[in-house]
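S.K.: This is the structure I want to talk about, given as structure tokens.
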Amino acid sequence: MTGTSVLRVAIVGGGPSGFFAAEHLRKQHPALEVDLFDRLPTPYGLVRGGVAPDHQKIKAVTRVFDRIAADPAVRFLGNVTVGKDLTREDLRRHYHAVIYAVGANTDRHLGIPGETLAGSHAATDFVGWYNGHPDYADRSFDLSAERVAVVGMGNVAIDVVRILASTPEALSTTDIAAPALEALRTSRVREIWMLGRRGPVQAAFTNPELRELGEMADADVVVRPEEITPDPASEAALAVLEHRHTAERNIETLRAFAAKPRSGRRRTIHLRFLCSPLEIAGSGRVEQLVIGRNRLVPGSDGNLRAEATGERETLDVGLVFRSVGYLGTGVPGLPLDARKGIIPNDRGRVLENGAAAPGEYVAGWIKRGPTGVVGTNKPDAAETADLLLEDFEAGRLAAPAEPERAAVDRCLAGRGVRVVTWADWQRLDAIERTRGAALGRPRLKFTRRPEMFAALAS
Ligand SMILES: Cc1cc2nc3c(=O)[nH]c(=O)nc-3n(C[C@H](O)[C@H](O)[C@H](O)COP(=O)(O)OP(=O)(O)OC[C@H]3O[C@@H](n4cnc5c(N)ncnc54)[C@H](O)[C@@H]3O)c2cc1C
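Read left to right, the sequence shown gives residues 1 to 458 (the working numbering).
Shown next as structure tokens:
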């Protein structure tokens with residue numbers, strides 16, 4: 001099924017939005033070939049490398065992606081970095097259309113003094129490390145500090161807190177990367193501060209994730225009642241909030257935490273609102289985090305913003321994790337809105353110099369920013385795929401010069417790229433599961449590319 005009568009689409013990024021886009025295209029347009037590229041030898045994007053190891057139920061969505069990949073019209077080409085192994089021009093030569101679904105791979109900085117001290121980390125790095133992402137396999141985290149601060153009030157910050165506060169017994173039944181499990185076994189972390197600059201009405205976390213903190217086997221949660229009681233302005237904001245239901249449940253949960261006496265568990269999680277990090281201090285490595293207290297005032301955009309009261313506090317901490325948002329860096333050669341961390345687009349059509357670039361689209365986090373759950377990417381990808389099909393039907397997509405699958409393969413082979421096929425991934429998957437089963441774990445992940453290639457060669 002090859003030739004210009006067949007619509008050929010490249011999808012760059014084998015995460016949820018890439019798979020959902022492939023699925024939608026196939027359902028809507030049967031005469032189609034999709035090549036799904038990922039820079040990693042493994043598929044699933046942040047479902048493998050982001051979603052926390054103790055959230056195995058969410059990781060089960062990979063079964064849906066496996067069904068999509070089993071379609072003979074969909075090929076997985078892992079270990080191919082677009083922007084390096086294949087350029088934007090190469091893709092135009094081989095496909096009618098390209099959907100960039102590359103996600104967001106870096107993080108926002110706090111922009112405060114001391115952020116580069118040893119012991120100050122991005123949550124992205126910690127998450128990548130405990131999830132066995134090959135880019136972070138050489139990282140190490142010194143967990144000998146007893147007191148830790150996590151800056152941020154979203155679900156990723158909660159993941160980081162929960163992993164730091166989990167018992168090794170709980171983690172040892174998950175697919176957490178082996179080096180991370182070893183380091184966490186000997187962790188001396190006792191007190192964890194999670195810090196948000198605004199109040200609970202503005203917090204980004206969802207309620208099940210917040211409640212989970214209260215269900216940890218060996219950690220108490222401490223909340224200051226005065227920090228979670230919404231002021232009149234927050235009450236008014238709550239009444240018109242889009243996610244009002246979530247915010248109300250969060251406040252209810254926080255009140256329950258505040259009312260619960262400590263039970264003497266080994267670890268304590270302090271949830272602190274209305275405080276901003278001002279400075280990370282220490283000689284050579286993190287020793288203290290200076291925070292400033294805030295009040296909420298109306299901002300120019302109509303939302304409540306944090307305003308410093310001038311009151312300061314110093315937390316003696318040996319580790320700081322910043323978790324104030326993932327940020328997309330795009331693909332070399334394509335436009336990028338660096339502030340928002342997205343490729344500029346109109347509902348999914350890539351915009352270059354303000355105009356739609358025919359045949360180029362985006363889906364997922366690189367389209368809308370790092371928001372929502374895995375399922376949010378499904379309608380998002382469908383919207384993009386529909387626009388692509390509309391452009392194809394309207395004759396707006398140029399026919400590629402070299403539309404054969406073999407032409408792409410020749411190009412990659414000529415550049416010395418060892419493509420990881422879906423069959424290769426299935427072998428790696430089977431090996432990971434077998435190694436895990438021997439330890440009572442869902443899988444024992446490969447964390448380094450050479451290990452994966454050695455396993456495939458043997
Ligand atoms: C720490 C964390 C925890 C989360 N936990 C949950 C959760 O518990 N529940 C939930 O529902 N959602 C969770 N999410 C959200 C969910 O993971 C995202 O909504 C989803 O993964 C976004 O999908 P995506 O396809 O846009 O991006 P990604 O999942 O990031 O996929 C992008 C893919 O593109 C590839 N890529 C990037 N650049 C290139 C390139 N140049 N060439 C080729 N390939 C490239 C990457 O390797 C990656 O595989 C979490 C997110 C994070 C960060």
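All C-beta atoms, glycine included, are put in the ideal place defined by N, C-alpha and C.
Source: prediction; values computed, not measured.
Using alpha carbons as the reference points, say which of Ala22, Gly310 and Gln288 lies closest to Gly114.
M.R.: Locating residue 114 in the sequence shown gives position 114, counting from the first residue. The candidate whose alpha carbon is nearest that of Gly114 is Gln288.
S.K.: Measure from the alpha carbon of Gly318 to the alpha carbon of each residue in Leu32, Leu117 and His109, then state which is nearest.
M.R.: The residue you call residue 318 lines up with position 318 of the sequence shown. The option with the nearest alpha carbon to Gly318 is Leu117.
S.K.: My guess is that Pro358 and Asp337 are in contact by the Cβ rule of under 8 Å, so how many angstroms apart are they, rounded?
M.R.: Along the sequence shown, read from residue 1 onward, the residue named residue 358 stands at position 358. Along the sequence shown, read from residue 1 onward, the residue named residue 337 stands at position 337. Going by Cβ atoms, the distance from Pro358 to Asp337 rounds to 20 Å, so no, they are not a contact pair.
S.K.: Kindly indicate which three-state DSSP category Glu287 falls into: helix, strand or coil?
M.R.: Indexing the sequence shown from 1 puts residue 287 at position 287. Coil, per DSSP.
S.K.: Keeping to the same chain, check which residues put their C-beta closer than 7 Å to that of Ile68; ignore five residues upstream and five downstream.
M.R.: Counting from one through the sequence shown, the residue named residue 68 turns up at place 68. Excluding positions up to five away in sequence, the list reads Phe19, Ala22, Glu23 and Val74.
S.K.: Given a cut-off of 8 Å, decide if Leu315 and Ala203 are closer than it, judged by their beta-carbon atoms.
M.R.: Walking along the sequence shown from the start, residue 203 turns up at place 203. Walking along the sequence shown from the start, residue 315 turns up at place 315. No.
S.K.: Could you give the uninterrupted runs of the beta strand (DSSP E) lying entirely in the stretch 68-103, keeping only those of 3 residues or more?
M.R.: 74-78 and 97-100
S.K.: In angstroms, rounded to a whole number, what distance separates the CA positions of Gly111 and Ile269?
M.R.: Taking the sequence shown and counting its residues from 1, the one referred to as residue 111 is at position 111. Taking the sequence shown and counting its residues from 1, the one referred to as residue 269 is at position 269. Each residue's alpha carbon lies about 25 Å from the other.
S.K.: Would you mind sorting Gly330 into buried or exposed? The rule is 16 or more other CB atoms within 10 Å of its CB.
M.R.: Taking the sequence shown and counting its residues from 1, one reaches residue 330 at position 330. Label assigned to Gly330: buried.
S.K.: If you count every other CB in all the chains shown that lies within 10 Å of the CB of Met1, and 16 or more means buried, which is it?
M.R.: Numbered from 1 along the sequence shown, position 1 holds the residue referred to as residue 1. With a pLDDT of 39 at Met1, under the threshold of 50, the predicted position of this residue should be treated as unreliable, and no value is reported.
S.K.: Determine the direct distance from the alpha carbon of Pro403 to that of Val9, and round the result to whole angstroms.
M.R.: What you label residue 9 is simply residue 9 of the sequence shown in a count that begins at 1. What you label residue 403 is simply residue 403 of the sequence shown in a count that begins at 1. For the pair Val9 and Pro403, the Cα-to-Cα distance works out to about 10 Å.
S.K.: Less than 8 Å between the C-beta atoms of Gly199 and Leu296, yes or no?
M.R.: Position 199 of the sequence shown, counted from the first residue, corresponds to residue 199. Position 296 of the sequence shown, counted from the first residue, corresponds to residue 296. Going by C-beta atoms, Gly199 is nearer than 8 Å to Leu296.
S.K.: Determine the contact status of Arg108 and Arg147, defining contact as a CB-CB distance below 8 Å.
M.R.: Your numbering for residue 108 matches position 108 in the sequence shown. Your numbering for residue 147 matches position 147 in the sequence shown. Result no, Cβ atoms of Arg108 and Arg147 do not sit closer than 8 Å.
S.K.: Using 10 angstroms around the beta-carbon of Lys367, count the other beta-carbons present and answer buried if the total reaches 16, otherwise exposed.
M.R.: Position 367 of the sequence shown, counted from the start, is the residue given in the question as residue 367. Per the 10 Å Cβ criterion, buried.
S.K.: Could you tell me the boundaries of the beta strand (DSSP E) in which Gly310 lies?
M.R.: Indexing the sequence shown from 1 puts residue 310 at position 310. Segment Leu304 to Asp316, the beta strand (DSSP E) holding Gly310.
S.K.: Quick check on Pro30: does DSSP put it in helix, strand or coil?
M.R.: As a position in the sequence shown, residue 30 is number 30, starting the count at 1. If DSSP states are grouped into helix, strand and coil, Pro30 belongs with coil.
S.K.: Let me know the secondary structure DSSP gives Gly330 once reduced to three states.
M.R.: The sequence position of residue 330 within the sequence shown is 330, counting from 1. Reduced to three states, the DSSP call for Gly330 is coil.
S.K.: How is Ser234 classed by DSSP in three states: helix, strand or coil?
M.R.: Here residue 234 refers to the residue found at position 234 when the sequence shown is read from its first residue. Helix.
S.K.: Can you tell me whether DSSP reads Asn377 as helix, strand or coil?
M.R.: Within the sequence shown, the letter at position 377 stands for residue 377. The answer is helix: DSSP assigns Asn377 an H, G or I state.
S.K.: Does DSSP put Ile251 in a helix, in a strand, or in coil?
M.R.: Against the sequence shown, residue 251 aligns to sequence position 251. Ile251 falls in the helix class under three-state DSSP.
S.K.: Consider the C-beta atom of Thr81 and the heavy atoms of ligand 1; say whether any pair is separated by less than 7 Å.
M.R.: Residue 81 sits at position 81 when you count from the first residue of the sequence shown. For ligand 1, at least one heavy atom lies less than 7 Å from the Cβ of Thr81.
S.K.: How about Val80 and Arg39: do their beta carbons lie closer than 8 Å?
M.R.: Within the sequence shown, the letter at position 80 stands for residue 80. Within the sequence shown, the letter at position 39 stands for residue 39. Contact flag set, yes.
S.K.: Using a Cβ-Cβ cut-off of 7 Å (strictly less than) and excluding sequence neighbours within five positions of Thr309, which residues of its own chain qualify?
M.R.: As a first step, residue 309 must be located in the sequence shown, where it is residue number 309. Cβ neighbours of Thr309 beyond the five flanking positions: Arg293, Asn294 and Arg295.
S.K.: Applying the 10 Å Cβ sphere with the 16-neighbour rule, what's the burial state of Asp220?
M.R.: Here residue 220 refers to the residue found at position 220 of the sequence shown. The residue in question, Asp220, is buried, as its Cβ has 16 or more Cβ neighbours within 10 Å.
S.K.: Just to check, is the beta-carbon of Ser166 closer than 7 Å to a non-hydrogen atom of ligand 1?
M.R.: The residue you call residue 166 lines up with position 166 of the sequence shown. Incorrect: Ser166 has no Cβ contact closer than 7 Å to ligand 1.
S.K.: Would you be able to state if there are at least three C-beta pairs under 8 Å between the stretch 167-182 and the stretch 116-134?
M.R.: yes
S.K.: Please classify Asp71 as buried or exposed, where buried requires at least 16 other C-beta atoms within 10 Å of its C-beta.
M.R.: Here the question's residue 71 lines up with position 71 in the sequence shown. Under this definition Asp71 is an exposed residue.
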